[in-house]
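S.K.:
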Amino acid sequence: MTNTLAQQPGNPAASLAQSTPAPAAPALSVVIPVYNEEAGLAQLFARLYPSLDALGISYEIVFVNDGSRDRSAAILREQFARRPEVTRVVLFNANAGQHLAILAGFEYCRGERIITLDADLQNPPEEIGNLLTAMDAGSDYVGTIRRARQDSAWRRYASRAMNRLREKITSIKMTDQGCMMRAYSRPIIDAINQCREVNTFIPALAYTFAGNPTEIEIAHEERAAGTTKYSLYRLIRLNFDLVTGFSVLPLQVFSLVGFVVSGMSLVFVLILAWRRIFVGPEAEGVFTLFGIAFFLIGLALMGIGLLGEYVGRIYQQVRSRPRYVVQAVLEQSGRAPAAPRVTESR
Ligand code: UDP
Ligand code: MG
């Protein structure tokens, strides 16, 4: 058992690990992002491991600790010590966000099939078998629909609205975009691993690579412990990622609106000029004019903001800073990847 500090060049543990031939890839990798989940992890282990053992296939679980500030990392270390043959733990230095944590899990996992799961037990581990069955039927990507979603009413309502918007502006077809419990085949994960996106929305990204996607209904439970890690602000940002990452339609709609409004303004100016010449000067209706002016200013500000969202993302992308910094990878020696894992440097 080696605590592989894989990113440190010349680290003896890492080179030792590389010299041992890697065993065959497991049939299944389960990738789980963990951020301040100390209260619920024990329960997760107690349900996850037995349900995977019961499947009777080779598997690994890749936990990605997303810079938790509670005891999550220590608990994951303990669990690694308990089940090292099927557990791998990627520890981030700082919080990078759920989607980047999952992307890191994708880079480190080696399974033929990959399932993502939340750490809070909202996605029951007992459903894993059902996802695999759907894959056996020939799908390379299995999405999920939450039966009786257990979240607050406003989140359910907002999600429905976002779903409708996404359907209109992208070609992505998902009944329930928010559920992260999904199954992916290896080729899709390889394609995702080639993407270098800083802001992304993994289920949508995977969908664009899927040849035969399907959806199944799964149960959804209330959070086992702790509270949601998504504030309203983070939820809004995530949805902007979804919209800007997969469509430029908002920009196009905006420029079309701009054309229409400036056309109408031209007509308005011509009418005013005609009245000035043939009717004479007039100062009435000044507040109507204010109203129109404020509306147009609001429209322009919205457009600038929208542009800013795209430009900001382009800026983050071109700076090409590391998307996340891996502090350590806990894995059994001989299970290390063939090539040395260098700290993300793109
Ligand atoms: N998560 C993460 N990094 C973050 C926020 C969340 O890794 O910055 C993880 C979290 O630990 C959980 C999953 O992502 O395993 C989903 O988060 P949460 O349950 O808070 O979201 P919700 O279910 O409320 O949408
Ligand atoms: Mg949750």
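For the sequence shown, position 309 (counting from the first letter as 1) is numbered 310 according to my numbering, and the numbering increases by one without interruption. Idealized CB from N, CA, C, for every residue including glycine. Just so it is clear, the structure is predicted and the values come from calculations on it, not from any experiment.
Just to confirm before moving on: does the CB-CB distance between Val31 and Ile116 stay below 8 Å?
M.R.: As a working mapping, residue 31 is identified with position 30 in the sequence shown. As a working mapping, residue 116 is identified with position 115 in the sequence shown. Closer than 8 Å, so yes.
S.K.: Met182 and Ile219: beta carbons closer than 8 Å?
M.R.: Taking the sequence shown and counting its residues from 1, the one referred to as residue 182 is at position 181. Taking the sequence shown and counting its residues from 1, the one referred to as residue 219 is at position 218. The answer is yes: Cβ separation under 8 Å.
S.K.: Determine whether the beta carbon atoms of Thr131 and Gln328 lie at a separation below 8 Å.
M.R.: As a position in the sequence shown, residue 131 is number 130, starting the count at 1. As a position in the sequence shown, residue 328 is number 327, starting the count at 1. According to the sequence as given, residue 131 is Asn; it is not Thr. No, Cβ-Cβ distance for Asn131 and Gln328 is not below 8 Å.
S.K.: If we ignore side chains and look at the alpha-carbon of each, how far apart do Leu250 and Ala40 end up?
M.R.: The residue given as residue 250 occupies position 249 in the sequence shown. The residue given as residue 40 occupies position 39 in the sequence shown. Approximately 42 Å between the Cα atoms of the pair.
S.K.: Between Ser59 and the rest of its own chain, which residues show a CB-CB distance below 6 Å, the 5 nearest in sequence each way excluded?
M.R.: For the purposes of this step, residue 59 is identified with residue 58 of the sequence shown, where counting begins at 1. So the qualifying residues of the chain are Pro27 and Ala28.
S.K.: Relative to ligand 2, is the shortest distance from any of its heavy atoms to the C-beta of Gln178 smaller than 7 Å?
M.R.: Residue numbering aside, residue 178 sits at position 177 when the sequence shown is read from its first letter. No, Cβ of Gln178 sits at least 7 Å from all heavy atoms of ligand 2.
S.K.: Output yes or no for whether 8 Å exceeds the beta carbon distance between Tyr109 and Val35.
M.R.: Looking up residue 109 in the sequence shown gives position 108. Looking up residue 35 in the sequence shown gives position 34. No, Cβ-Cβ distance for Tyr109 and Val35 is not below 8 Å.
S.K.: Roughly how far, in whole angstroms, is the beta-carbon of Leu53 from the beta-carbon of Leu122, given that I think they are within contact range, below 8 Å?
M.R.: As a working mapping, residue 53 is identified with position 52 in the sequence shown. As a working mapping, residue 122 is identified with position 121 in the sequence shown. The pair is not a contact, with the Cβ atoms about 14 Å apart (cut-off 8 Å).
S.K.: Helix or strand or just coil, what does DSSP make of Asn66?
M.R.: Mapped onto the sequence shown, residue 66 falls at position 65. Strand, per DSSP.
S.K.: Since Tyr311 is in the alpha helix (DSSP H), which residue starts that stretch and which ends it?
M.R.: As a first step, residue 311 is located in the sequence shown; it is residue number 310 there, counting from the start. Here the alpha helix (DSSP H) through Tyr311 covers Val287 to Arg320.
S.K.: Within a Cβ cutoff of 7 Å, which residues of the same chain sit near Glu241, ignoring the five residues on either side of it in sequence?
M.R.: Indexing the sequence shown from 1 puts residue 241 at position 240. The residue asked about is misnamed: residue 241 is Phe in this sequence, not Glu. Answer for Phe241: Glu310, listed in chain order.
S.K.: Could you give the DSSP three-state label for Ala75: helix, strand or coil?
M.R.: Working through the sequence shown from its first residue, we reach residue 75 at position 74. Helix at Ala75.
S.K.: Identify which residue in Val319, Arg224 and Ile237 has its Cα closest to the Cα of Phe202.
M.R.: One-based indexing of the sequence shown puts residue 202 at position 201. Selected option, being the one with the closest Cα: Ile237.
S.K.: Report, in whole angstroms, the separation of the C-beta atoms of Glu61 and Val87, which I expect to be a contact under 8 Å.
M.R.: Within the sequence shown, the letter at position 60 stands for residue 61. Within the sequence shown, the letter at position 86 stands for residue 87. About 5 Å; that satisfies the 8 Å criterion.
S.K.: Roughly how many angstroms lie between the CA atoms of Ser232 and Ala159, to the nearest whole one?
M.R.: Translated into positions along the sequence shown, residue 232 becomes position 231. Translated into positions along the sequence shown, residue 159 becomes position 158. Between Ser232 and Ala159, the C-alpha separation is close to 13 Å.
S.K.: How would you label Leu267, buried or exposed, when you count the other beta carbons within 10 angstroms and need 16 or more for buried?
M.R.: Here residue 267 refers to the residue found at position 266 when the sequence shown is read from its first residue. It counts as exposed.
S.K.: Taking DSSP as the reference, what is the three-state secondary structure of Gly144?
M.R.: Working through the sequence shown from its first residue, we reach residue 144 at position 143. Looking at Gly144 - three-state DSSP - the assignment turns out to be strand.
S.K.: Does Phe93 come out as helix, strand or coil in the three-state DSSP assignment?
M.R.: To locate residue 93, count along the sequence shown from 1; it is residue 92. Strand at Phe93.
S.K.: Among Ile173, Ala207, Val199 and Asn200, which one has its Cα closest to the Cα of Arg187?
M.R.: Working through the sequence shown from its first residue, we reach residue 187 at position 186. Arg187 has its Cα closest to that of Ala207, out of Ile173, Ala207, Val199 and Asn200.
S.K.: Would Leu302 be called buried (16 or more neighbouring beta carbons within 10 Å of its own) or exposed?
M.R.: For this step, residue 302 is matched to residue 301 along the sequence shown. The residue in question, Leu302, is exposed, as its Cβ has fewer than 16 Cβ neighbours within 10 Å.
S.K.: Can you give me the start and stop residues for the beta strand (DSSP E) that Ile217 sits inside?
M.R.: Here the question's residue 217 lines up with position 216 in the sequence shown. Start and end: Pro214 to Ala220.
S.K.: Does DSSP put Thr171 in a helix, a strand or coil?
M.R.: As a position in the sequence shown, residue 171 is number 170, starting the count at 1. Here Thr171 sits in coil by DSSP.
S.K.: Regarding Asp119 and ligand 4, is the C-beta to nearest heavy atom distance less than 7 Å?
M.R.: Questions concerning ligand 4 fall outside what the structure shown contains, since the ligands it does hold are ligand 1 and ligand 2.
S.K.: On the CB-based measure, 16 or more other CB atoms within 10 Å of its CB, does Asn124 come out buried or exposed?
M.R.: Residue mapping note: residue 124 aligns to position 123 of the sequence shown, counting from 1. Asn124 comes out buried.
S.K.: Since Arg48 and Pro126 should fall inside the 8 Å C-beta cutoff, what is the C-beta to C-beta distance between them, to a whole number of angstroms?
M.R.: To locate residue 48, count along the sequence shown from 1; it is residue 47. To locate residue 126, count along the sequence shown from 1; it is residue 125. Yes, Arg48 and Pro126 are in contact; Cβ-Cβ is about 5 Å, under 8 Å.
S.K.: Does Glu79 come within less than 8 Å of chain C when only Cβ atoms are used?
M.R.: No chain C appears in this structure, which consists of one protein chain only.
S.K.: Among Val199, Thr228, Arg235 and Leu331, which has the Cα closest to the Cα of Arg314?
M.R.: Start at 1 with the first residue of the sequence shown, and residue 314 comes out as number 313. Measuring from the Cα of Arg314, the nearest candidate turns out to be Val199.
S.K.: Among residues of its own chain, excluding the 5 on either side of Gly304, which ones have a beta-carbon nearer than 6 Å to its beta-carbon?
M.R.: What you label residue 304 is simply residue 303 of the sequence shown in a count that begins at 1. For Gly304, the CB contacts under 6 Å within the same chain, skipping 5 residues up- and downstream, are Phe255 in chain order.
S.K.: Tell me whether Arg183 sits in a helix, a strand or coil according to DSSP, three-state version.
M.R.: Numbered from its first residue, the sequence shown carries residue 183 at position 182. In the structure shown, Arg183 sits in a strand (DSSP, three-state: E or B).
S.K.: So, using beta-carbon positions, are Gln333 and Pro51 closer together than 8 Å?
M.R.: Taking the sequence shown and counting its residues from 1, the one referred to as residue 333 is at position 332. Taking the sequence shown and counting its residues from 1, the one referred to as residue 51 is at position 50. The Cβ atoms of Gln333 and Pro51 do not sit closer than 8 Å to each other.
S.K.: Is Arg148 near ligand 2, judged by its Cβ being under 7 Å from some heavy atom?
M.R.: The count along the sequence shown starts at 1 and reaches residue 148 at position 147. No - ligand 2 has no heavy atom lying nearer than 7 Å to the Cβ of Arg148.
S.K.: Within 7 Å: the Cβ of Gln123 and any heavy atom of ligand 1?
M.R.: The count along the sequence shown starts at 1 and reaches residue 123 at position 122. Yes, the Cβ of Gln123 comes within 7 Å of a heavy atom of ligand 1.
S.K.: Under 8 Å Cβ to Cβ from Asn37, same chain only, skipping five residues before and after it: list those, please.
M.R.: Here residue 37 corresponds to residue number 36 of the sequence shown, with the count starting at 1. Same-chain partners within the cutoff: Ser69, Arg70, Asp71, Ser73, Gly227 and Lys230.
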